[in-house]
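There are 2 protein chains.
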Amino acid sequence: MTAKHKIVVIGGTACGPKAAARSRRCDQQADITIIEQTEYVSSATCGFPYYVGGRITQRKSLDVVAPAYFKKNMNINLLSNTRAMEIDRQKQKVRICGVQNGQESWIEYDKLILATGSSPIGLSCEGSKLKGICSLWTMFDALKLRELVDGRKIKSAVFVGAGLIGLEVAEGLVAQGLQVTVVEALDWILPKLIDFEIAAYAERHLKKSGLQIIAGTSVVCFEGEDGWVKKVITDKGKIDADLVVMAIGTRPNVQLAADAGLAIGSLGGINVNLFLRTSDPNIYAGGDCVENVSRITQKKMLAPMGSTANKHGRIIGTNVTGGSETFPGVLGTAVVKLFDYNVGRVGLTQEQAKAEGYDVETCLIPGLDHAAYYPGARKVLLKLIVDKKTGKVLGGQGVGMGDIAKRIDVLATAISFQSTVEDLANLDLAYAPPYNSAIDPVHNAANVIRNKQSGMAKGFVPAEVQKKITAGEDFVLLDVRSPQEKENCYIEASKQTLLIPLPELCTRLAEVPRGTEIIIYCQTSNRAYQALRILKEKGYENVRFLDGSIAAWPYETAGIKPYAEQSGLPIALDNGI
Amino acid sequence: MTAKHKIVVIGGTACGPKAAARSRRCDQQADITIIEQTEYVSSATCGFPYYVGGRITQRKSLDVVAPAYFKKNMNINLLSNTRAMEIDRQKQKVRICGVQNGQESWIEYDKLILATGSSPIGLSCEGSKLKGICSLWTMFDALKLRELVDGRKIKSAVFVGAGLIGLEVAEGLVAQGLQVTVVEALDWILPKLIDFEIAAYAERHLKKSGLQIIAGTSVVCFEGEDGWVKKVITDKGKIDADLVVMAIGTRPNVQLAADAGLAIGSLGGINVNLFLRTSDPNIYAGGDCVENVSRITQKKMLAPMGSTANKHGRIIGTNVTGGSETFPGVLGTAVVKLFDYNVGRVGLTQEQAKAEGYDVETCLIPGLDHAAYYPGARKVLLKLIVDKKTGKVLGGQGVGMGDIAKRIDVLATAISFQSTVEDLANLDLAYAPPYNSAIDPVHNAANVIRNKQSGMAKGFVPAEVQKKITAGEDFVLLDVRSPQEKENCYIEASKQTLLIPLPELCTRLAEVPRGTEIIIYCQTSNRAYQALRILKEKGYENVRFLDGSIAAWPYETAGIKPYAEQSGLPIALDNGI
Numbered sequence: 339m340t341a342k343h344k345i346v347v348i349g350g351t352a353c354g355p356k357a358a359a360r361s362r363r364c365d366q367q368a369d370i371t372i373i374e375q376t377e378y379v380s381s382a383t384c385g386f387p388y389y390v391g392g393r394i395t396q397r398k399s400l401d402v403v404a405p406a407y408f409k410k411n412m413n414i415n416l417l418s419n420t421r422a423m424e425i426d427r428q429k430q431k432v433r434i435c436g437v438q439n440g441q442e443s444w445i446e447y448d449k450l451i452l453a454t455g456s457s458p459i460g461l462s463c464e465g466s467k468l469k470g471i472c473s474l475w476t477m478f479d480a481l482k483l484r485e486l487v488d489g490r491k492i493k494s495a496v497f498v499g500a501g502l503i504g505l506e507v508a509e510g511l512v513a514q515g516l517q518v519t520v521v522e523a524l525d526w527i528l529p530k531l532i533d534f535e536i537a538a539y540a541e542r543h544l545k546k547s548g549l550q551i552i553a554g555t556s557v558v559c560f561e562g563e564d565g566w567v568k569k570v571i572t573d574k575g576k577i578d579a580d581l582v583v584m585a586i587g588t589r590p591n592v593q594l595a596a597d598a599g600l601a602i603g604s605l606g607g608i609n610v611n612l613f614l615r616t617s618d619p620n621i622y623a624g625g626d627c628v629e630n631v632s633r634i635t636q637k638k639m640l641a642p643m644g645s646t647a648n649k650h651g652r653i654i655g656t657n658v659t660g661g662s663e664t665f666p667g668v669l670g671t672a673v674v675k676l677f678d679y680n681v682g683r684v685g686l687t688q689e690q691a692k693a694e695g696y697d698v699e700t701c702l703i704p705g706l707d708h709a710a711y712y713p714g715a716r717k718v719l720l721k722l723i724v725d726k727k728t729g730k731v732l733g734g735q736g737v738g739m740g741d742i743a744k745r746i747d748v749l750a751t752a753i754s755f756q757s758t759v760e761d762l763a764n765l766d767l768a769y770a771p772p773y774n775s776a777i778d779p780v781h782n783a784a785n786v787i788r789n790k791q792s793g794m795a796k797g798f799v800p801a802e803v804q805k806k807i808t809a810g811e812d813f814v815l816l817d818v819r820s821p822q823e824k825e826n827c828y829i830e831a832s833k834q835t836l837l838i839p840l841p842e843l844c845t846r847l848a849e850v851p852r853g854t855e856i857i858i859y860c861q862t863s864n865r866a867y868q869a870l871r872i873l874k875e876k877g878y879e880n881v882r883f884l885d886g887s888i889a890a891w892p893y894e895t896a897g898i899k900p901y902a903e904q905s906g907l908p909i910a911l912d913n914g915i
Numbered sequence: 339m340t341a342k343h344k345i346v347v348i349g350g351t352a353c354g355p356k357a358a359a360r361s362r363r364c365d366q367q368a369d370i371t372i373i374e375q376t377e378y379v380s381s382a383t384c385g386f387p388y389y390v391g392g393r394i395t396q397r398k399s400l401d402v403v404a405p406a407y408f409k410k411n412m413n414i415n416l417l418s419n420t421r422a423m424e425i426d427r428q429k430q431k432v433r434i435c436g437v438q439n440g441q442e443s444w445i446e447y448d449k450l451i452l453a454t455g456s457s458p459i460g461l462s463c464e465g466s467k468l469k470g471i472c473s474l475w476t477m478f479d480a481l482k483l484r485e486l487v488d489g490r491k492i493k494s495a496v497f498v499g500a501g502l503i504g505l506e507v508a509e510g511l512v513a514q515g516l517q518v519t520v521v522e523a524l525d526w527i528l529p530k531l532i533d534f535e536i537a538a539y540a541e542r543h544l545k546k547s548g549l550q551i552i553a554g555t556s557v558v559c560f561e562g563e564d565g566w567v568k569k570v571i572t573d574k575g576k577i578d579a580d581l582v583v584m585a586i587g588t589r590p591n592v593q594l595a596a597d598a599g600l601a602i603g604s605l606g607g608i609n610v611n612l613f614l615r616t617s618d619p620n621i622y623a624g625g626d627c628v629e630n631v632s633r634i635t636q637k638k639m640l641a642p643m644g645s646t647a648n649k650h651g652r653i654i655g656t657n658v659t660g661g662s663e664t665f666p667g668v669l670g671t672a673v674v675k676l677f678d679y680n681v682g683r684v685g686l687t688q689e690q691a692k693a694e695g696y697d698v699e700t701c702l703i704p705g706l707d708h709a710a711y712y713p714g715a716r717k718v719l720l721k722l723i724v725d726k727k728t729g730k731v732l733g734g735q736g737v738g739m740g741d742i743a744k745r746i747d748v749l750a751t752a753i754s755f756q757s758t759v760e761d762l763a764n765l766d767l768a769y770a771p772p773y774n775s776a777i778d779p780v781h782n783a784a785n786v787i788r789n790k791q792s793g794m795a796k797g798f799v800p801a802e803v804q805k806k807i808t809a810g811e812d813f814v815l816l817d818v819r820s821p822q823e824k825e826n827c828y829i830e831a832s833k834q835t836l837l838i839p840l841p842e843l844c845t846r847l848a849e850v851p852r853g854t855e856i857i858i859y860c861q862t863s864n865r866a867y868q869a870l871r872i873l874k875e876k877g878y879e880n881v882r883f884l885d886g887s888i889a890a891w892p893y894e895t896a897g898i899k900p901y902a903e904q905s906g907l908p909i910a911l912d913n914g915i
């Protein structure tokens, strides 16, 4: 070709600049232009919560790549403060408009890249236009919020929605001394990302750290004074608020694409194929504005993540310059720091897996992030979700002060390759006392599932047992710890409870009734599992152990402290199951 | 069967107790006995270095499971202070002997489990029997060493061998104020585990932290005074030493097995099949005493690791009680904490891969363990070793203050599933600013290899460039940083060097000679790579970039500080390649 290959990128945050940079690296001749409606380009949007919360002090830290770098080092034209108004697919050109001067012009393309991102979903209700109600999405939002917080005029903030970003910012504002309340319409925090047991665990810690959480509660409207928000009205009462941050989710920005007649998917994102090409062969799209494919279900899903946007960008850069790369999809992997807790997840939650028609096996594993005998071991609680039929890992979640991110990354990698629990159990992970135990919690989790699958043991998750207790069902709750341990804390049940320390179980069998369901617990389920094996051998058939036992028990009852605060681990914890 | 199933386990450290516990969990009826020659059982041998170094203060912390636990909770007989002397395979019994009273007896088995471990290799030379020369392998060794150190009579210690355990202990003794020297016969530390670039990096840090390292030097003999060691005589001189710790490796304990006529492999370990069964169908073996299989080459290898021993134990426990599980092999994964550095590895080193006949592609990636803009990001240097033909990942190594263990675990998981670099590049790893960057160093490493494979760029590792410099070869070393950056530090070359900042490269092309090999560097190779792409497009054919550039340069020259101490990262580091 004699004329230069013209590549136009719309959107300058993550996918856009990455696609532009990759295009340049693949093609030194191409004429590459990024169109960005703000003055900011290549922004660290994932850093906004920490900027608002004060942990990141300098605004300039949020420029991943300084704007000048593009022209200077990459020979990429950057049209900031410029909005893309319309795509003329026939003539392969984009109408653009200067945000400050309103001047319009057309820019031609051979290949067009849409990286238009996503926008926060707002609430349309009474008072929703009051000042002091905002979201945290753009650099502008971040600056405004930080200014409000720094101004010290805000005393109380309400976050609507307990998603990732909401919680990240909320945590930062608590640290700034604000009274912060998170209102979540669904039943627990991060409801689309983690299951109840993990969320309940995190919630207790958040509340203890000073964050108010009101779940299962919907915001109805807002009340203000002099045009500024003052109260949030929920279906369960009023909450004072000088500041309201809307964090109920985002939706892909597809107007430009839709107006141009490009195919939009049923989830509201731009429809792209494996090559990240839209329905127009000369237009590619990536980042938050497109629909992704789940690597587990192969179904479309929305997964707005900076990490995914960057991967998209590289692939698009390759493909618009003559390459041919495909994107295999996502796992919805996520991790978040909430005070000194780490919460992570990957794949399907138990609920999502069930909704997909899987018959699932799960487990709850209380563990330590490194060898108990090496100073500084911190607790982790892992959950694994597995397809009962094939043994394939469908998802995993973790919470605790210990290193969760590593375990989630191992699970994400394993799931990418259709790992079974047997594969997982035999992974040769890096072992040394400062980093993990000889048997990593991931190994332990896989082995517990294998025990369940082989029929060696059945478990109940805490919610199932709590439901039975609440319903007054007829079963025996058997504690196999020592009397001293019981004195410290125990699970309250309205019906029959028994305390028989494991070493005495064989000789005190007569005390364990036959014909009634027996649910066994101890501190972490290790001894409960051994007790279950004994009872089964003695002919008891209706026996289960409580998954994670006291360590994973999320309800506040009879002196049970959160796992993180429990002192003393059972000696055999490290020995696995 | 009417008589109880008799399971006898020889060895009470890791594999043995695990096999016994798993056997019990699978079979409540079995008669299970552990024979252990010391008084210690289920010891945290991996904790010994930290006990000697003082980081673990209490000896009792080193009991993973208290001896009483076995009988009390698991109904497992524990014969401690008892040595297995002979196996009578015909009559299925083991002759045992009380270590303290010398009393002998026979114990019958239906299934026998050998978990006899390994022993440190000693040196037979003049003075090798002197007092003060020891190894760190048993609890007895640990107690003795700790006592010596606590007694404060030891001022200088020499470690013979720079392997994992030697370095772990040496590091601890430096912290205790001792003058510590490590003598390694091969050319760098951890020579069988990591390649030169990673080792050189770690070595600089170790030396800076007060540990003397003398590589490429062999110990000839020892000199003493009053029967106590005083000097280590090497082929390059004498070193004062009140204490010598032998750490040149271990060998499997197979005497008992060999005497019984069980098959021993060519590497000196007990030969077991996938079920961990020896050549006798009633005898299983696991842990340090057996030969493992490499999951990469499918060849036998020795991999004495507590993590592997525990996995073996579980599988053996399953199999001796009627189950049928297999062990897929190991990757030689390892991680070690050396002062505030983390060093990790998995799979084949570059040398090992070459020796196996692979045509390898490698890369050196200087990165950060989390987003640069989030406080506390720490540096990591990753190396990836890939099969050029298939793109399959063969191995990975990392060093730095940042989180290496996580990346090694991701690589270990990926390699287990025959991951290619393309698979690796698209892993949906958990991303949030406190945990990593949108593009993890693992992704970056995979992408750099892909660039090399596709022919977009070729690299030289530091050693190759240094060799050319030393040999006075004719090439141009092109620095594309700013003059200010060069003032700070640069790579000295005897022949032609050029400084042309990347933004000026296109206009100053005339200065870059044609027909000569050009090697480009910058701070982390990001700009060097871009410069290379420009030169290639301009018709330069013989161009390479220096892998990892200044950040990964391991030689002490012209003000180049170790990566960890370099201030300021290039702005575009995060944007990947």
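Sequence order for the protein chains is A and B.
If you count the first sequence from 1, you need to add 338 to reach this note's numbering.
If you count the second sequence from 1, you need to add 338 to reach this note's numbering.
Cβ coordinates follow ideal geometry from the N, Cα and C atoms, glycine included.
- The alpha carbon of glycine 625 of chain B has as its nearest neighbour, out of B:Ser617, B:Asp618, B:Val610, B:Asp448, the alpha carbon of B:Val610.
- A Cβ-Cβ separation of about 15 angstroms leaves proline 851 of chain A out of contact with valine 818 of chain A under the 8 angstroms criterion.
- Rounded to whole angstroms, the separation of the alpha carbons of asparagine 657 of chain A and methionine 423 of chain A is 25 angstroms.
- Fully contained in the segment 787–856 of chain A are the following alpha helix (DSSP H) runs of length 4 or more, in chain order: 800–808, 821–826.
- Against chain B, the CB of phenylalanine 755 of chain A has a partner CB under 8 angstroms away; the residue lies at that interface.
- Put simply, of A:Ile434, A:Val507, A:Thr454 the residue whose alpha carbon is nearest the alpha carbon of alanine 352 of chain A is A:Thr454.
- Look at serine 617 of chain B here: in three-state DSSP terms it is coil, with no helix or strand label.
- Leucine 516 of chain A and serine 494 of chain A have their C-alpha atoms roughly 6 angstroms apart.
- Among the residues facing chain B, phenylalanine 560 of chain A is not included, as its CB has no counterpart in that chain under 8 angstroms away.
- Residues of the segment 736–750 of chain A that bring their beta carbon within less than 7 angstroms of a beta carbon in chain B comprise Ala743, Lys744, Ile746, Asp747, Val748, Ala750, in sequence order.
- In the three-state reduction of the DSSP assignment, glutamine 868 of chain B falls in the helix class, which pools H, G and I.
- For the pair of segments examined, the segment 640–648 of chain A was found to touch the segment 663–671 of chain A: the number of CB pairs separated by less than 8 angstroms reaches three.
- With distances taken between CA atoms, glycine 853 of chain B lies nearest to B:Asp812 out of B:Asp812, B:Leu843, B:Met739, B:Pro841.
- Taking the Cα of aspartate 766 of chain B as reference, the smallest distance to any Cα among A:Ile777, A:Leu594, A:Tyr407, A:Ala750 is reached at A:Ala750.
- Taking a 10 Å sphere around the C-beta of asparagine 439 of chain B, we find fewer than 16 other C-beta atoms and assign the residue as exposed.
- In this chain, the alpha helix (DSSP H) harbouring glutamine 593 of chain B covers 593–597.
- Burial is judged here by how many other beta carbons sit within 10 angstroms of a residue's own beta carbon; glycine 349 of chain A has at least 16 and is buried.
- No alpha helix (DSSP H) of 4 residues or more sits fully in the segment 708–751 of chain B.
- Arginine 397 of chain B counts as exposed, since fewer than 16 other beta carbons sit within 10 angstroms of its beta carbon.
- By a beta-carbon distance limit of 8 angstroms, glycine 729 of chain A contacts glutamate 760 of chain A. Their separation comes to about 6 angstroms.
- Shown here, arginine 484 of chain A sits in a helix according to DSSP, grouped into three states.
- Taking all protein chains in view, the Cβ of lysine 833 of chain A is surrounded by fewer than 16 other Cβ atoms within 10 Å, so the residue is classified as exposed.
- Less than 8 angstroms divides the Cβ of arginine 882 of chain A from the Cβ of lysine 796 of chain A.
- Taking 8 angstroms as the CB threshold, proline 704 of chain B stays off the interface with chain A.
- Cα atoms of lysine 409 of chain B and leucine 416 of chain B: separation of roughly 7 angstroms, rounded to the nearest angstrom.
- In the structure shown, the three-state DSSP call for proline 355 of chain B is helix.
- With a cut-off of 8 angstroms on Cβ pairs, the segment 738–755 of chain A is not in contact with the segment 610–621 of chain B, counting fewer than three such pairs.
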